[in-house]
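The opening position of the sequence shown corresponds to residue 425 in my numbering, with each subsequent residue numbered one higher.
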Amino acid sequence: MKVLIIFAVALSVCLAQRRPSQPSQYQDSQSAETAAQDYQAPEQQYQSGDARPRSRELTTPIPIIRYDKEQGNDGSYKAAWETGNNILAQEEGFLKELGPDPDEEGGVLAAQVQQGSYSYTAPDGQIITVNYIADEKGFHPSGDHLPTPPPVSPEVQKGLDLIYAGIRAQQEAAEREARENPQGKKPQEEDYNGRYKQ
C-alpha cells in the first residue's frame, strides 16, 4: 500500500512539472500565426523518379583493371584482381575435411580454407602487403606493418621448458607404473576443493 501511495505521489509530481511547458489552450492566436510564418522548411532536392534526397558528394569510380577466377567442382577456386588505384589481390580456397559429421550418418564435416594476399599503397607512399589464411581456426593475417608480440626472454623460455619437461616426466612415470603394475593402480582421491589428487 505504501508503494502505491509513493508511486502516485511521484507520478503527480512528474505530471505537475510537465504542465507549464505545454502551450496553453488560451494562447494568443496572433503569436501562433507569426510563429508559423517565420518557420522555413529545409529545402531538399529530389531526382526525378527517386524519392531519396540527392547527395552532393561525388565519388570517383575505381575501375577493375583485371579479374581472373577459376572455379573447381570440388569447392576449390583461384581468383586474382587488380584495381585502377593499385590494389592487387589474389586468393585461393579449397574444402578441408575435418572428420565425420556427428549429426549425419556417413557425412563428413568440411571447412572452407582461404589463403591469399592483397597489397595497396598507404597515404604515406609505403606499399602495404598482407598475407592471410582463413580456416576453421579463424583469420590469420601477417605483414611487415602488423604488430607482433615481443620475443620470449631466454629466462622465461628456460622456465617453460623445465615445466613442460616435468609434466612429460610425470606422464611417462604414470604410464610406466600402469604398464608394470596394472593391478596396483590406486584410485584417485578428492582433495578439499573437489579436485583429484595424483
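For each residue, glycine too, the CB sits at the ideal point set by N, CA and C.
Keep in mind that this is a model prediction, so the values were computed, not measured.
Through-space distance from residue j to residue i, alpha-carbon basis
{"i": "Gly523", "j": "Ile489", "result": "41 Å"}
{"i": "Pro547", "j": "Asn509", "result": "12 Å"}
{"i": "Pro575", "j": "Gly583", "result": "15 Å"}
{"i": "Leu511", "j": "Glu599", "result": "The question names Leu, yet the displayed sequence has Ile at residue 511. Using only the alpha carbons, I get a separation of about 57 Å."}
{"i": "Ile486", "j": "Glu506", "result": "10 Å"}
{"i": "Glu579", "j": "Arg592", "result": "20 Å"}
{"i": "Leu519", "j": "Gln595", "result": "37 Å"}
{"i": "Thr625", "j": "Thr572", "result": "This structure gives no information on residue 625, because the portion of the chain shown stretches from 425 to 622."}
{"i": "Thr553", "j": "Gly540", "result": "11 Å"}
{"i": "Ala597", "j": "Gln607", "result": "16 Å"}
{"i": "Glu521", "j": "Glu515", "result": "20 Å"}
{"i": "Gly562", "j": "Ile430", "result": "55 Å"}
{"i": "Gly549", "j": "Arg480", "result": "29 Å"}
{"i": "Glu529", "j": "Glu601", "result": "40 Å"}
{"i": "Gln495", "j": "Asn555", "result": "21 Å"}
{"i": "Ser500", "j": "Val532", "result": "17 Å"}
{"i": "Tyr542", "j": "Ala534", "result": "26 Å"}
Buried/exposed call for residue i, threshold 16 Cβ in 10 Å
{"i": "Gly517", "result": "buried"}
Where residue i sits in the DSSP three-state scheme
{"i": "Arg490", "result": "strand"}
{"i": "Ser541", "result": "strand"}
{"i": "Asp548", "result": "coil"}
{"i": "Pro573", "result": "coil"}
{"i": "Leu586", "result": "helix"}
{"i": "Ser436", "result": "helix"}
{"i": "Lys561", "result": "coil"}
{"i": "Gln536", "result": "strand"}
{"i": "Gln607", "result": "coil"}
{"i": "Glu599", "result": "helix"}
{"i": "Glu579", "result": "helix"}
Min CB distance residue i to chain B below 8 Å
{"i": "Tyr556", "result": "Protein chains in the displayed structure number just one, and chain B is not present."}
Residue i: CB within 7 Å of a non-hydrogen atom of the ligand GDP
{"i": "Ser577", "result": "Of ligands this structure carries none, so the ligand GDP is not represented either."}
message: Closer than 8 Å is the cut-off here; do at least three beta carbon pairs connect the stretch 560–569 with the stretch 583–591?
response: no
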